[in-house]
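Below you'll find the structure, written out as structure tokens, and then a few comments.
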Amino acid sequence: MTPMVAVLIPFLGAALIGLAAHRPRLRDGIAFATPIPLFLTVVGLAVNRVADGNPGTQRLVELVPGLDITLAVQPLGLTFALLAATLYIVATPYAIGYMKAGGYGNLARFMACYAIALGAAMGIAFAENLLTLYLFYEILSVSTYPLVAHTGTDKARSGARTYLALLLVTSVGLMLPGMIWIWQATGTLSFSSGGILAGQVPPAAGALLLVVMLYGIGKAAIMPFHRWLPAAMVAPTPVSALLHAVAVVKAGVFSVLTVVLYIFGLDYLLELATQPFMLYIAVFTMLAASLVAMHQDNLKARLAYSTVSQLAYIVTGALLATELAAIGGGLHMLMHGFGKITLFFCAGAIYVASGINTVSGMDGLARRMPLTMLAFFIGALCVIGLPPTGGFWSKWYLVSGAWDAGHYLVVGAFMLSTLLNVAYLMPPVMRAFLRPPPDNDPARLRVAEAPPLCLIPLLITAAGTLVLFIVADPAYQLLAGGIP
């Protein structure tokens, strides 16, 4: 088992799905099967890494001396890879069930692009250097464009153009020049414990480079480069789940954590004049996006702005420049993945079963969809950061890291943001459970859940948030082993 195998499996699955495009049963069978060997491979890599500590470095191609495409198995990347591979198993049947229930066409193209996106996520997770990360980062952006534009409507195409344009403008216009700058200054792009810039780039120049790199990673959705994420909500709900929980935004915050830890280094980061500025930009994003989410009646739009806010938690954890906060950021990447995919699965199931896509339309919905709304409630608790869900631990370590660093304003911002999380995630739950259904709803007293392929995955991910509350320590230990 090598990292290259983990990268190739989804790409091979995408090719086979394309070849079986006109044979629906075979196509669906391949789509169902592809996540299984991927998951087993990533678990095998994790076991090998824990057993012998070998990073399993694998050079694919050397472009020029010292500049190559190389994969390696590192703790932070393993956390991201395990998250994506695990959620891919449940996201695939959900996507197939949702797309068929909604009467969508071009399923072969959809599932092939879905698989390519997961292959790109694996490449990002196992990147040994910044060039490798950048290559797969761009593949991820391009492969998800057809997913966002899948319905083919004018609104979908417009949203997809906004999505791709913002991601390419930030990556090509900022991240790529920043990468070239790092290469010229240090002669390497390889990730290294403690960073590679100290002693190579003066702090004054490093301060500018920090701004360039953080805004260049547009998938992290730091304001004002966050508009691509709400624009992508025109996509079918399985795409939203992919964007928000499995691959795209997690690739963004993973890249931020990786660049901060292994390019800049925590000690060098504290020397940069722009570190406090970018820290408070992240805090502003965390609070502002929560305030916007409170005023969104469309359920998916509310969850989209929630994602912008939650990503800022992770960026804040990285920029606090303490080991505890960085571990909290890595944990939040994991916990938010399970919580947010549960919420998007529920939003899609609600739409498929009832046609409801607004918070104001959810009155009494728990009488019709009790299991879905119970899962929504559990997912909301995880995103808010309350026990007995895994989200409690990630926010605990983020707050503890901010306290240890003496950033008491950031501690207060975390607390305020958590209250805002309650303010925008609990109203859908309270409407569904505590309000009576509309009098003109003929099905208000009849249980009518979504089809099993939509219902079962959301119950599994909701249960996953509860399991992570109990077994968070292995994830903590894994991350602690990779953060200098």
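Last residue of the sequence shown: 483 in numbering that gives the first Met the number 0, with the numbers rising by one and none dropped. Glycine is no exception: its CB is placed at the ideal position from the N, C-alpha and C atoms.
The continuous alpha helix (DSSP H) containing D403 extends over residues G390 to D403. Counting C-beta pairs with one atom in each stretch, the segment 139-159 and the segment 34-54 have fewer than three that are closer than 8 Å, which means they do not touch. The shortest C-alpha to C-alpha distance from V233 to any of A449, T150, N105 and F432 is the one to T150.
The segment 10-20 makes contact with the segment 104-119, as at least three CB pairs between them are under 8 Å. Among the bridge pairs identified by DSSP, T357 is matched with N297. Here F135 is near V6, since their CB atoms are less than 9 Å apart. For the set R24, F343 and L424, the Cα lying nearest the Cα of L454 is the one of F343. At least 9 Å separates the beta-carbon of G347 from that of L75. In this chain, the beta strand (DSSP E) harbouring E61 covers Q57 to V63. With distances taken between CA atoms, L59 lies nearest to A71 out of H294, V49, A71 and R48. Close CB contacts of V89 within its chain, under the 7 Å cut and outside five residues either way in sequence, are with P456, I459 and T460 (chain order).
Within 10 angstroms of the beta-carbon of E61 lie fewer than 16 other beta-carbons, which makes it exposed. For L188, the secondary structure class from DSSP, reduced to helix, strand or coil, is coil. Within the model, the alpha-carbon separation for A300 versus Y214 is close to 23 Å. Counted as a single uninterrupted DSSP element, the alpha helix (DSSP H) harbouring L11 occupies residues P2 to L18. Cβ-Cβ distances below 8 Å link L385 to F391 in the same chain, with the five nearest sequence neighbours on each side left out; the list follows chain order.
Under the three-state reduction of DSSP output, T91 falls in the helix class.
Assigned with DSSP and collapsed to three states, I68 falls in strand.
When P450, P223 and F263 are compared, the shortest CA-CA separation from A287 is found for P223. Exposed is the label assigned to Y407, since fewer than 16 other Cβ atoms lie within 10 Å of its Cβ. Residue burial is scored here from C-beta neighbours: D296 has fewer than 16 other C-beta atoms within 10 angstroms and is therefore classed as exposed. Annotated three-state conformation of N420 is helix, per DSSP. Each residue's CA atom was taken as its position, placing I469 and R24 some 39 Å apart. DSSP, read as helix, strand or coil, puts A479 in helix.
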